[in-house]
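Residue numbers (the numbering used here): 15 to 292.
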């Protein structure tokens, strides 16, 4: 199906929130798979913390190399694995002293089931994100949230001619006294040329509670805004993909801006990925 092909070839690979991944209504057919390897980068000097913008006095970076894979267990049931490896750090603007940390971020495992597969696609899923991070409070760096997350979601969409579109909503239950959150996302894409697809993506995340981790967290992480509790943002941007071999090999690139931020770096992300379908 051409619209499913358009969507899959445009799956993004970005940000700590794993933006929109695994949350479209399409699933792979039985024994079919999609694998993407990519990298994303966030570079910043300012962070938003508890409603205020702070100058870090550092040149900060958060770079993710990630493997994203989907596999069709049946024609309606799909498994997902997300393996992020992160390189994070900063360099003081005045002293030129640098600090860095590398390690796995929050590894995710998921299942998605297609409820409706006709003209309107409807699926539901569960994404489980592990507390697999590395941290060093003495330098204010960590590679992810110090919590596990259970994210059930529902997603609906369709496609016609050269267009596709979908929207999803999920609720994140976080452990370790992190605040739960609601996440709403969507995507609209168009096949502008034979092998080229262009999409507009958007996602909103907002906390639904105020748990204790925010107040008990080590203050060293404020200056880097590395995976703070009560994270909030509205992110949107453009995503471009090119398919070298039809239904098999391609490349994606995206630029995502972030707005209405809190407890997160004041920056968007740049992203590129290579995918293979079999």
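Glycine included, each C-beta is placed from N, C-alpha and C at the ideal position.
A contact between stretches requires three or more CB pairs, one per stretch, nearer than 8 Å, and the stretch 90-101 fails this requirement with the stretch 56-66.
Take the alpha-carbon of residue 200 and the one of residue 230: they are about 34 Å apart.
Residue 275 and residue 158 have their alpha carbons spaced roughly 18 Å apart. Spanning the alpha carbons of residue 89 and residue 290 requires a straight line of approximately 19 Å. Fewer than three Cβ pairs drawn from the stretch 218-229 and the stretch 52-60 lie within less than 8 Å of each other, which leaves the two stretches out of contact.
Distance between residue 271 and residue 286, taken at the CA atoms: about 15 Å. Between residue 243 and residue 172 the beta-carbon gap is near 36 Å, outside 8 Å, which marks them as no contact. Residue range 66-86 is occupied by the beta strand (DSSP E) that includes residue 70. Counting other Cβ atoms within 10 Å of its Cβ, residue 187 stays below 16 and is therefore classed as exposed. Annotation for residue 265: 256 and 288 place their beta carbon closer than 6 Å to its own, counting only its chain and skipping 5 residues before and after. Following the DSSP letters along the chain, one finds residue 230 inside the alpha helix (DSSP H) bounded by residues 227-230. Around residue 112, the same chain offers 105 as residues with beta carbons nearer than 6 Å, after the five sequence neighbours per side are excluded.
Around the Cβ of residue 69, a 10 Å sphere holds fewer than 16 other Cβ atoms; the residue is exposed.
Taking C-beta atoms as the reference points, residue 180 and residue 39 count as a pair closer than 8 Å. Relative to residue 209, the option among 169, 254, 202 and 77 whose CA is nearest is 254. A contact between stretches requires three or more CB pairs, one per stretch, nearer than 8 Å, and the stretch 150-167 meets this requirement with the stretch 115-125. For residue 134, the number of other beta carbons within 10 angstroms of its own is below 16, and it is reported as exposed.
Counting only runs that start and end inside the stretch 90-121, the beta strand (DSSP E) elements of at least 3 residues fall at 91-106 and 112-118.
Residue pairing by DSSP leaves residue 244 without any beta bridge partner. Per DSSP, residue 177 is one residue of the beta strand (DSSP E) stretching across 177-188. Residue 249 carries a strand assignment under DSSP once its states are collapsed to helix, strand and coil. Spanning the alpha carbons of residue 78 and residue 246 requires a straight line of approximately 20 Å.
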